[in-house]
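In the numbering used here, the protein residues as written are 407 to 604.
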């Protein structure tokens, strides 16, 4: 008789990510090892980084002085600011923990990209943005911490893409070795480039 399956700790930052990223040989629903298979290790640093980004965002939203923002994620609800008579309230429904990472490392643009990727949604975007704009001064420090963090991330990314022998080969491949499938998306059937004369 075989031994009962061992329970594993969660593989990612929340239930949704855990279900999407359980290693091979592990049940996505229960986290149990299937048939004695050994799971491949996960990159836990990503989970830690997302938790750090969540903390950075939370700490900065606690500086709000007017209105209220409610962030709902993985069955929990957090309120920031204080709601008084006739003040605005914004809701953020987080669908993926990537929202925290993109928002902290990418600022307003990162948050917008996260929205386009359906990583978060809001009942009323206009109201949410009004709350954020009314707290612009209070959230100024978040902007400076964002620039510090995004600068570090940018330098790491730049170092990773540096023009060494292998790096140059990879950069050339990524930017110039594009097949006809890509160009056919925006060129006519003759695949002819055209440009205006000025």
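Backbone N, C-alpha and C fix where the C-beta goes; we use that ideal spot for every residue, glycine too.
This structure is a prediction, so every number in the text was calculated from the model and none was measured.
- Residue 470 is classed as buried because its beta carbon has at least 16 other beta carbons within 10 Å across all chains shown.
- CA-to-CA, the gap between residue 544 and residue 577 works out to about 41 Å.
- Between residue 591 and residue 524, the alpha-carbon positions lie close to 24 Å from each other.
- Inclusion of residue 467 and residue 536 in the CB contact set at 9 Å is not warranted, their separation being larger than that value.
- Judged by DSSP secondary structure, residue 471 falls outside any beta strand (DSSP E); it is assigned neither H nor E.
- For residue 485, the uninterrupted beta strand (DSSP E) run begins and ends at 482-488, by DSSP.
- DSSP places residue 456 in the helix class (H, G or I) of the three-state scheme.
- Boundaries of the beta strand (DSSP E) around residue 496: 495-500.
- Contact between the region 524-534 and the region 494-503 is present: 3 or more CB-CB pairs across the two stretches fall below 8 Å.
- Residue 477 has 484, 498 as its beta-bridge partners, per DSSP.
- Within the DSSP bridge table, the entry for residue 527 names 499 as partners.
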